[in-house]
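Undergrad: The sequence shown runs 15 to 459 under the working numbering.
Below you'll find the structure I mean.
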Amino acid sequence: MKVTIVGSGYVGLVSGACLADVGNDVLCMDADHVKIDDLKQGRIPIYEPGLEDLISVNSKAGRLAFTTDLSEAVQFGQIIFIAVGTPPDEDGAADLKHVLAVAQGIGNSLTDYRVIVNKSTVPVGTAQKVRTEVQSRLDQRALDVDFSVVSNPEFLKEGAAIEDFLKPDRIVVGSDSERARRLMRELYAPFNRSHDRLMFMDLPSAELTKYAANAMLATKISFMNELANIAERVGADIETVRLGIGSDPRIGYHFIYPGCGYGGSCFPKDVQALARTSHENGWEPRILNAVEAVNQKQKESIVEKIVSRFGSSLDGRHFAVWGLAFKPNTDDMREAPSNTIIRALVNFGARITAFDPVAVDEAKKTFCDLEGVSFSADPYSALEGADGLILLTEWKAFRSPDLARIREMLSEGVIFDGRNVFDPKILSQYGLDYYSIGRRPILSD
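Okay, here's the thing in structure tokens:
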């Protein structure tokens with residue numbers, strides 16, 4: 015099939031590369047000329063394991079191409095995915111200006127039947143808005159052209175997006191058109207060979223499903239962080255509590271890891287947008303409000319532990335930070351806890367030397383306005399002259415470090431673990447003081 019992807023960001027590139035990889039002809043469009051030129055030269059604007067190779071293979075095979083011409087893109091694909099950004103407004107609502115601008119552009123160029131697919135995460139009712147924009151442009155052109163609007167939300171985890179696309183748990187498709195459903199079933203046939211993962215539903219239900227999924231996962235994280243704060247105060251160990259409740263199949267082990275808060279491009283934005291949708295429709299979303307409030311407070315928890323240990327003035331203090339991205343296997347710094355934590359520590363007077371396996375370039379952009387932050391080429395160099403180590407992202411490379419070397423390099427011999435990566439008993443054997451989430455501090459003799 016011929017497929018157009020409008021928006022060559024994270025979702026668009028992963029979707030386009032994976033659809034090309036099963037034999038479709040895919041044209042990815044983006045208004046950013048620099049980005050498209052880079053993609054044509056094989057330079058990928060994001061880090062996602064396996065994506066660069068997948069784009070390279072399919073580009074060389076002639077199945078994947080790139081353009082800045084929206085009219086060309088509309089004429090190319092019978093199915094047109096809209097995969098542009100929907101950043102939050104000041105009030106938390108999703109900003110649909112990019113989505114609706116694409117819809118207008120499609121309406122300006124449409125000449126034959128197309129299935130227009132909302133792949134971006136959008137509020138309930140967006141499909142109707144897209145339909146209205148396309149139809150209004152066709153009316154202005156005095157053309158009677160049939161088209162369908164479909165909601166097909168993505169469920170991709172950063173760091174495992176290719177696997178998620180090629181082997182999905184479910185493929186949600188919201189549509190009121192039988193013709194569109196047939197084409198979507200044909201498009202996704204290669205991903206349905208073992209069993210049917212397609213779930214057809216009405217448009218509002220499909221749009222809500224995406225928000226509901228992310229809000230549920232965010233709720234589990236915030237609930238676990240709430241329990242972690244209780245555990246610290248009553249002398250319990252949240253890690254053993256986690257195992258105790260995770261063994262219940264009704265709860266499970268996924269997304270019940272305590273930490274210093276969630277981040278990224280999805281959970282914070284989607285929780286806020288769903289809460290805003292709820293407000294607009296006359297319902298006070300008390301749980302969603304609490305989820306967001308708990309997460310914002312949790313990002314401060316590591317800072318509070320550091321201030322409790324060293325005092326409110328951190329002038330002259332120097333800390334090493336391991337991990338900057340909001341999660342492993344990505345360079346995404348959006349809403350990352352490291353942003354909140356590092357800024358707070360600098361405001362208290364501290365200096366920071368940070369290391370991340372892949373996110374340093376993005377972090378330099380994030381902290382370009384902040385003095386007192388430098389970056390290291392390797393984790394141990396970051397420790398030079400540092401009073402303590404702060405771990406904020408649970409990269410595999412951090413799981414089994416040289417603890418004797420860490421103790422030797424840190425002047426104060428203290429670790430603040432925002433992801434509960436380390437075993438407190440083992441750290442105490444190396445003379446390291448250890449502060450984590452949901453467990454009492456371990457202080458060496």
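Here a beta-carbon is modelled for each residue, glycine too, at the ideal position from N, C-alpha and C.
Just so you know, these numbers come straight off a predicted model, no measurement behind them.
Alpha carbon to alpha carbon, how far is ALA245 from LEU406?
TA: Translated into the one-based positions of the sequence shown, residue 245 becomes position 231. Translated into the one-based positions of the sequence shown, residue 406 becomes position 392. Looking at the two C-alpha atoms, the distance is approximately 20 Å.
Undergrad: Expressed to the nearest angstrom, what Euclidean distance is found between the alpha-carbon atoms of SER70 and GLY258?
TA: Taking the first residue of the sequence shown as position 1, residue 70 is located at position 56. Taking the first residue of the sequence shown as position 1, residue 258 is located at position 244. Whole-angstrom Cα-Cα distance: 46 Å.
Undergrad: Kindly indicate which three-state DSSP category GLY258 falls into: helix, strand or coil?
TA: The count along the sequence shown starts at 1 and reaches residue 258 at position 244. Here GLY258 sits in helix by DSSP.
Undergrad: Identify whether ARG454 lies in helix, strand or coil by the three-state DSSP scheme.
TA: Reading the sequence shown from its first residue, position 440 is the one you call residue 454. DSSP places ARG454 in coil when its eight states are reduced to three.
Undergrad: As a quick exercise: from GLU86, ASP67, LYS283, pick the residue whose alpha carbon is nearest that of SER134.
TA: Position 120 of the sequence shown, counting from 1, holds the residue named residue 134. Looking at the Cα atoms, LYS283 is the closest of the given residues.
Undergrad: List, from N- to C-terminal side, the alpha helix (DSSP H) runs of 4 residues or more that fit wholly inside the region 210-288.
TA: Within the region 210-288, the complete alpha helix (DSSP H) runs of at least 4 residues are 217-248, 252-260.
Undergrad: Where LEU157 and LYS181 are concerned, what is the direct C-alpha to C-alpha distance, given to the nearest angstrom?
TA: As a working mapping, residue 157 is identified with position 143 in the sequence shown. As a working mapping, residue 181 is identified with position 167 in the sequence shown. Going by the C-alpha atoms only, they are around 40 Å apart.
Undergrad: For GLU349, collect the residues of the same chain with a Cβ closer than 7 Å to its Cβ; drop the 5 residues on either side in sequence, then sort them by chain order.
TA: Taking the sequence shown and counting its residues from 1, the one referred to as residue 349 is at position 335. Cβ within range, chain order: GLY277, GLY278, PRO282, PHE340.
Undergrad: Hey, would you say ALA229 sits closer than 8 Å to LEU328, going by beta carbons?
TA: For the purposes of this step, residue 229 is taken as residue 215 along the sequence shown, with counting starting at 1. For the purposes of this step, residue 328 is taken as residue 314 along the sequence shown, with counting starting at 1. For ALA229 and LEU328, no; Cβs fall outside 8 Å.
Undergrad: Just mark LEU53 as buried or exposed, buried being the case when its beta carbon has 16 or more other beta carbons within 10 Å.
TA: As a working mapping, residue 53 is identified with position 39 in the sequence shown. Label assigned to LEU53: buried.
Undergrad: DSSP three-state call for ALA339: helix, strand or coil?
TA: As a first step, residue 339 must be located in the sequence shown, where it is residue number 325. In the structure shown, ALA339 sits in coil (DSSP, three-state: anything other than H, G, I, E or B).
Undergrad: Looking only at its own chain, which residues have a Cβ that is under 8 Å from the Cβ of CYS274, when we skip the five neighbours before and after it?
TA: Taking the first residue of the sequence shown as position 1, residue 274 is located at position 260. Around CYS274: GLN312, LYS313, SER315, ILE316, PRO351, ILE355, LEU406, GLY432, ARG433, ILE451.
Undergrad: Might you give, ordered along the chain, the residues of its own chain that have their beta carbon closer than 6 Å to the beta carbon of ARG77, omitting 5 neighbours on each side?
TA: Taking the first residue of the sequence shown as 1, we reach residue 77 at position 63. Correct list, in chain order: ALA34, ASP39.
Undergrad: Going by beta-carbon coordinates alone, are THR87 and THR81 separated by less than 8 Å?
TA: Here residue 87 refers to the residue found at position 73 of the sequence shown. Here residue 81 refers to the residue found at position 67 of the sequence shown. Checking the sequence, you will find Ala at residue 87 rather than Thr. Yes. Within cutoff.
Undergrad: Within 10 Å of its beta-carbon, does TYR271 have 16 or more other beta-carbons around it, so buried, or fewer, so exposed?
TA: The sequence position of residue 271 within the sequence shown is 257, counting from 1. Its Cβ being crowded by 16 or more others within 10 Å, TYR271 is buried.
Undergrad: Between which two residues does the beta strand (DSSP E) containing SER326 stretch?
TA: Residue numbering aside, residue 326 sits at position 312 when the sequence shown is read from its first letter. Where SER326 is concerned, there is no enclosing beta strand (DSSP E), given that its DSSP letter is neither H nor E.
Undergrad: Return helix, strand or coil for GLY21, following the three-state DSSP convention.
TA: Position 7 of the sequence shown, counting from 1, holds the residue named residue 21. Coil.
Undergrad: Would you mind reading off the limits of the alpha helix (DSSP H) that contains THR140?
TA: Your numbering for residue 140 matches position 126 in the sequence shown. From DSSP, the alpha helix (DSSP H) with THR140 extends over 140-154.
Undergrad: When the Cβ atoms of the region 210-225 are set against those of the region 181-195, are three or more pairs found closer than 8 Å?
TA: Yes, the region 210-225 touches the region 181-195.
Undergrad: Measure the beta-carbon distance from GLU426 to GLY402 and round it to whole angstroms, keeping in mind my assumption that it falls under 8 Å.
TA: Position 412 of the sequence shown holds residue 426. Position 388 of the sequence shown holds residue 402. That pair is a contact at about 5 Å.
Undergrad: Please report the Cβ distance between ILE96 and VAL20, rounded to the nearest whole angstrom; I am assuming they are in contact, meaning their Cβ atoms lie under 8 Å.
TA: Residue 96 sits at position 82 when you count from the first residue of the sequence shown. Residue 20 sits at position 6 when you count from the first residue of the sequence shown. Indeed, because the Cβ distance is near 5 Å, the residues count as touching under 8 Å.
Undergrad: Does DSSP put LEU110 in a helix, in a strand, or in coil?
TA: On the sequence shown, residue 110 is found 96 positions in, with the first residue counted as 1. In this structure, LEU110 counts as coil in the three-state DSSP scheme.
Undergrad: Just verifying my parser: in three-state terms, what is the DSSP assignment at PHE333?
TA: Residue mapping note: residue 333 aligns to position 319 of the sequence shown, counting from 1. In the structure shown, PHE333 sits in a strand (DSSP, three-state: E or B).
Undergrad: Within 10 angstroms of its Cβ, does GLN55 collect 16 or more other Cβ (buried), or is it exposed?
TA: The count along the sequence shown starts at 1 and reaches residue 55 at position 41. Label assigned to GLN55: exposed.
Undergrad: Using the Cα positions of VAL305 and GLY91, report the straight-line distance between them to the nearest angstrom.
TA: Start at 1 with the first residue of the sequence shown, and residue 305 comes out as number 291. Start at 1 with the first residue of the sequence shown, and residue 91 comes out as number 77. Each residue's Cα considered, the two are about 40 Å apart.
Undergrad: Out of curiosity, what's the CA-to-CA distance linking LEU212 and PHE412?
TA: Your numbering for residue 212 matches position 198 in the sequence shown. Your numbering for residue 412 matches position 398 in the sequence shown. So the alpha carbons of these two residues sit roughly 39 Å apart.
Undergrad: State the beta-bridge partners of ALA79 as determined by DSSP.
TA: As a working note, residue 79 is residue 65 in the sequence shown. Answer by DSSP bridge pairing, in chain order: LEU41.
Undergrad: My output table needs one value for LYS171: the three-state DSSP class, helix, strand or coil.
TA: Taking the sequence shown and counting its residues from 1, one reaches residue 171 at position 157. Residue state, collapsed to three classes: coil.
Undergrad: Output the distance between the C-alpha atoms of GLU294 and HIS112, rounded to the nearest integer angstrom.
TA: Numbered from 1 along the sequence shown, position 280 holds the residue referred to as residue 294. Numbered from 1 along the sequence shown, position 98 holds the residue referred to as residue 112. So the alpha carbons of these two residues sit roughly 21 Å apart.
Undergrad: Apart from the five residues on each side of it in sequence, which residues of its chain come closer than 7 Å, Cβ to Cβ, to LEU397?
TA: Here the question's residue 397 lines up with position 383 in the sequence shown. Excluding positions up to five away in sequence, the list reads ALA334, LEU403, ILE420, MET423, LEU424.
Undergrad: What do you get for ALA203, buried or exposed, if any count of 16 or more other CB atoms within 10 angstroms of its CB means buried?
TA: Translated into positions along the sequence shown, residue 203 becomes position 189. Exposed, by the Cβ-count rule.
Undergrad: Beta-carbon within less than 7 Å of ASP346's beta-carbon, same chain only, minus the 5 sequence neighbours each way: which residues are those?
TA: Residue numbering aside, residue 346 sits at position 332 when the sequence shown is read from its first letter. Excluding sequence neighbours, ASP346 sits near GLU172, GLY278, SER279, ALA339, PHE340.
Undergrad: Is the separation between the beta-carbon of LEU68 and that of ILE235 shorter than 8 Å?
TA: Numbered from 1 along the sequence shown, position 54 holds the residue referred to as residue 68. Numbered from 1 along the sequence shown, position 221 holds the residue referred to as residue 235. No, the pair does not count as a contact, with Cβ atoms beyond the cut-off.
Undergrad: What are the residues that DSSP puts in a beta bridge with LEU197?
TA: Here residue 197 refers to the residue found at position 183 when the sequence shown is read from its first residue. In DSSP, LEU197 forms no bridge with anything.
Undergrad: Pick out whichever of PHE179, SER123, TYR449 has its Cα sitting closest to the Cα of VAL321.
TA: Residue numbering aside, residue 321 sits at position 307 when the sequence shown is read from its first letter. Of PHE179, SER123, TYR449, the residue nearest in Cα terms is TYR449.
Undergrad: Looking only at its own chain, which residues have a Cβ that is under 7 Å from the Cβ of GLY30, when we skip the five neighbours before and after it?
TA: For the purposes of this step, residue 30 is taken as the residue at position 16 of the sequence shown. So the qualifying residues of the chain are ILE19, VAL40, CYS42, LEU78.
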